[in-house]
Structures are given as structure tokens and as C-alpha cells.
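Engineer: Residue numbers for the sequence shown follow the working numbering, beginning at 1011 and rising by one. Beta carbons are placed, not taken as given, at the ideal position from N, Cα and C, and that holds for glycine. This is the structure I want to talk about, given as C-alpha cells.
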Amino acid sequence: MKRVGLLGLPQSGKSTVFEVILQGAGVEATTASGREAVGVVQVPDARVDRLSALYSPKRTVHAQVQFVDTVSTAAQGKPSRGPDLFASVRNCDALAAVVREFDTDESAARRDLRTLEAELILNDLALAETRRERIDKELRVGKKQNEREHALLARLEQALSAERPLRGEALDVQEENLQPG
């Protein structure tokens, strides 16, 4: 099952979008990173229905997508910037940005999107720096298996420091397959 995280600045309409997608079927849960709402949507597919009619299986299972809505801590009077903003969507397969468009001012929506992207870049930079520092310690004690990951992280940190999102960075097949050690 794919997991999609709804991201947005406080009061952007994430929960409203979540409720519309799930038609009120979401469940709110408390996690270590705070409160989040989680819901599953069935994805209808005529091809699956057609195959099911042809082969008459015991059970027909359609694809499902799980949506995660972070419940903003800003509503509780706390800032929701930094790592806490992304903690509950870190393990998602995809991120969907929700940008407020309550006004007719298109520049406000673009500004919010740029702000959200800057927050993502800062979060990625913090994660990359932390991982690279951990690998630095391993390299000092003689562990050499993470040298390629260290070089990749240094390159990605340069891109992030230049405020370039990682989605624009070209990775070869070996770099894409690197798993944190």
C-alpha cells in the first residue's frame, strides 16, 4: 500500500483536503512525533474488475492508498517548523503539497509553496549532515564500507546548501541503490 503525506504550512487546508479525499473516513492517532490523521482510500480500477469477472477469484483486492495528515501544532499555539513538521510524513512514498488559495492573490500561494520547499530543503540538509557525521565517525575508526555513501552525501549537501531540491540531482543506478548502513 502506498503512503501519501499531505504537507503544507499551518492553516493551509491540509485537513480539509484530507477530509474531502477520505469523505470523513479518516482516523486520528497519536504517534511519537505528535498527532496525525490516517486514512485509507480504495482505488477503483475497471481492469481489475474485468479480470475478476473473467477468472472469478475467491477475493478481489483493489489497490489502496493511505493518506497521512499531520495535525498542526500551530493550532495548539506551538510553532510547527523544522523537523517536527515532517516527522510523520518521513516514511511516505509520496508527498502532496497543500497550498492555501483562499485569496485571489496568486503570489501568496507561490510564496507559500516556496516556503514549504525551503523547509523541505532545510530538513533534508539536516538529515544529510547528521548521516554524514555518523559516517565520518565510522571512517575514523576504520570502517570503510560507507565511503561511497559519504561522497554522495557530501555532493547532496552541496546541492541543498545551494537551495536546490534533491529531485533535480542526477544519481546513477549505484547511488540510487545506496542504503544507509
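Comparing C-alpha positions only, which one of Val-1075, Arg-1142 and Thr-1125 sits nearest to Glu-1173?
Structural biologist: It is Thr-1125.
Engineer: Between Glu-1159, Asp-1115, Arg-1150 and Glu-1127, which has its C-alpha nearest Leu-1105's C-alpha?
Structural biologist: Answer by Cα proximity: Glu-1127.
Engineer: Are there three or more Cβ pairs, one per stretch, closer than 8 Å when the stretch 1177 to 1187 is compared with the stretch 1143 to 1157?
Structural biologist: These segments do not touch.
Engineer: What does the Cβ neighbour count give for Lys-1024, buried or exposed, with the cut at 16 atoms within 10 Å?
Structural biologist: Buried.
Engineer: Tell me which residues share the same chain as Leu-1061 and place their Cβ nearer than 8 Å to its Cβ, disregarding the 5 neighbours each side in the sequence.
Structural biologist: Same-chain partners within the cutoff: there are none.
Engineer: Which of the three DSSP states is assigned to Ala-1180 in this structure?
Structural biologist: Note: Ala-1180 maps to coil in three-state DSSP.
Engineer: Relative to the C-alpha of Ser-1098, which candidate in Glu-1186, Leu-1162, Arg-1013 and Asn-1187 has its C-alpha closest?
Structural biologist: Of the listed residues, the one whose Cα sits closest to Ser-1098 is Arg-1013.
Engineer: Skipping 5 residues on each side, what residues in its chain have a beta carbon closer than 7 Å to that of Leu-1019?
Structural biologist: Result list for Leu-1019: Asp-1122, Thr-1125 and Leu-1126, in chain order.
Engineer: Could you check if Glu-1046 is buried or exposed, using at least 16 other CB atoms within 10 Å of its CB as the buried criterion?
Structural biologist: So Glu-1046 counts as buried.
Engineer: What do you get for Asn-1187, buried or exposed, if any count of 16 or more other CB atoms within 10 angstroms of its CB means buried?
Structural biologist: Exposed, by the Cβ-count rule.
Engineer: Give me the Cα-Cα distance between Phe-1028 and Arg-1150, rounded to the nearest whole angstrom.
Structural biologist: Near 47 Å, if we compare the C-alpha coordinates of Arg-1150 and Phe-1028.
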